[in-house]
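With this note's numbering, you'll find the sequence shown wraps up at 118, consecutive numbering, no jumps. All C-beta atoms in this analysis are idealised placements derived from N, C-alpha and C, irrespective of residue type, glycine included. In this text, all values refer to a predicted model and were calculated from it rather than measured experimentally. Report on the structure given below.
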Amino acid sequence: MPLTDSGELDTALAFLDFNRESVLKKADGLGEEQLRPVLVPTGTNLLGLVKHLVAAERYWFGLHLTGITPLAGQGGWASVVLAKRS
33 MPLTDSGELD TALAFLDFNR ESVLKKADGL GEEQLRPVLV PTGTNLLGLV KHLVAAERYW
93 FGLHLTGITP LAGQGGWASV VLAKRS
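Structural data, given as C-alpha coordinates:
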(Lines of atoms letter the chains of each structure in order from A; the text may use other names.)
(Lines give C-alpha, C1' and ligand atoms only; values in the text may rest on other atoms or scores of the structure.)
Protein backbone atom coordinates (compact mmCIF):
# COMPACT_ATOMS: atom_id res chain seq x y z
CA MET A 33 0.00 0.00 0.00
CA PRO A 34 1.55 3.31 -1.04
CA LEU A 35 2.32 5.86 1.63
CA THR A 36 2.35 9.35 0.19
CA ASP A 37 0.63 12.61 1.00
CA SER A 38 2.48 14.93 -1.33
CA GLY A 39 -0.57 15.88 -3.37
CA GLU A 40 -3.54 14.44 -5.18
CA LEU A 41 -1.71 13.56 -8.40
CA ASP A 42 1.22 11.97 -6.57
CA THR A 43 -1.17 9.93 -4.42
CA ALA A 44 -3.16 8.77 -7.46
CA LEU A 45 0.03 7.82 -9.29
CA ALA A 46 1.36 5.95 -6.24
CA PHE A 47 -1.83 3.88 -6.04
CA LEU A 48 -1.72 3.30 -9.79
CA ASP A 49 1.90 2.07 -9.57
CA PHE A 50 0.95 -0.19 -6.63
CA ASN A 51 -1.97 -1.70 -8.53
CA ARG A 52 0.07 -2.12 -11.72
CA GLU A 53 2.78 -3.95 -9.79
CA SER A 54 0.16 -6.18 -8.14
CA VAL A 55 -1.28 -7.26 -11.50
CA LEU A 56 2.16 -7.76 -13.04
CA LYS A 57 3.30 -9.82 -10.06
CA LYS A 58 0.29 -12.12 -10.36
CA ALA A 59 0.68 -12.57 -14.14
CA ASP A 60 4.49 -12.77 -14.19
CA GLY A 61 5.81 -15.99 -15.67
CA LEU A 62 2.47 -17.13 -17.08
CA GLY A 63 2.41 -18.22 -20.68
CA GLU A 64 -0.27 -17.42 -23.24
CA GLU A 65 -1.93 -20.77 -22.57
CA GLN A 66 -2.37 -19.68 -18.94
CA LEU A 67 -3.47 -16.09 -19.69
CA ARG A 68 -6.17 -16.90 -22.27
CA PRO A 69 -8.41 -19.62 -20.77
CA VAL A 70 -11.74 -18.50 -19.35
CA LEU A 71 -11.89 -19.70 -15.75
CA VAL A 72 -14.96 -17.87 -14.39
CA PRO A 73 -18.63 -17.80 -15.45
CA THR A 74 -18.38 -14.15 -16.58
CA GLY A 75 -16.12 -15.14 -19.48
CA THR A 76 -13.17 -13.11 -18.23
CA ASN A 77 -9.59 -14.28 -18.55
CA LEU A 78 -6.36 -12.74 -17.23
CA LEU A 79 -5.44 -11.22 -20.58
CA GLY A 80 -8.89 -9.62 -20.85
CA LEU A 81 -8.53 -8.25 -17.33
CA VAL A 82 -5.22 -6.60 -18.19
CA LYS A 83 -6.72 -5.06 -21.36
CA HIS A 84 -9.66 -3.77 -19.30
CA LEU A 85 -7.33 -2.20 -16.73
CA VAL A 86 -5.34 -0.45 -19.48
CA ALA A 87 -8.51 0.98 -21.05
CA ALA A 88 -9.89 2.09 -17.68
CA GLU A 89 -6.61 3.77 -16.76
CA ARG A 90 -6.45 5.64 -20.06
CA TYR A 91 -10.03 6.83 -19.71
CA TRP A 92 -9.80 7.83 -16.05
CA PHE A 93 -6.51 9.69 -16.25
CA GLY A 94 -7.38 11.27 -19.55
CA LEU A 95 -10.78 12.57 -18.63
CA HIS A 96 -10.50 13.23 -14.92
CA LEU A 97 -6.96 14.56 -14.64
CA THR A 98 -6.48 16.35 -17.93
CA GLY A 99 -10.07 16.93 -19.03
CA ILE A 100 -9.24 15.83 -22.56
CA THR A 101 -10.10 12.80 -24.65
CA PRO A 102 -7.26 10.75 -26.21
CA LEU A 103 -6.83 10.93 -29.95
CA ALA A 104 -6.07 7.66 -31.71
CA GLY A 105 -2.46 7.26 -32.78
CA GLN A 106 -1.04 10.03 -30.58
CA GLY A 107 0.57 7.98 -27.84
CA GLY A 108 -2.49 7.48 -25.65
CA TRP A 109 -2.61 8.45 -22.02
CA ALA A 110 0.73 6.94 -21.08
CA SER A 111 2.47 9.97 -22.58
CA VAL A 112 0.17 12.33 -20.68
CA VAL A 113 0.79 10.60 -17.34
CA LEU A 114 4.54 10.38 -17.90
CA ALA A 115 4.69 14.08 -18.83
CA LYS A 116 2.87 14.98 -15.58
CA ARG A 117 5.39 12.96 -13.57
CA SER A 118 8.51 14.67 -14.87
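- A straight line joining the alpha-carbon of K57 with that of D37 spans about 25 Å.
- If you check the CB distance, R90 and N77 do not come in under 8 Å.
- Counted as a single uninterrupted DSSP element, the alpha helix (DSSP H) harbouring F50 occupies residues 40 to 59.
- DSSP places R90 inside the alpha helix (DSSP H), whose first and last residues are 78 to 92.
- For a cut-off of 8 Å, the C-beta gap from L85 to L41 is around 19 Å, too long to register as a contact.
- Judged by DSSP in its simplified three-state form, L71 adopts coil rather than helix or strand.
- Taking W92 as reference, the option from A44, L35, G39, P34 with the minimal CA-CA separation is A44.
- Shown here, T36 sits in coil according to DSSP, grouped into three states, outside any helix or strand.
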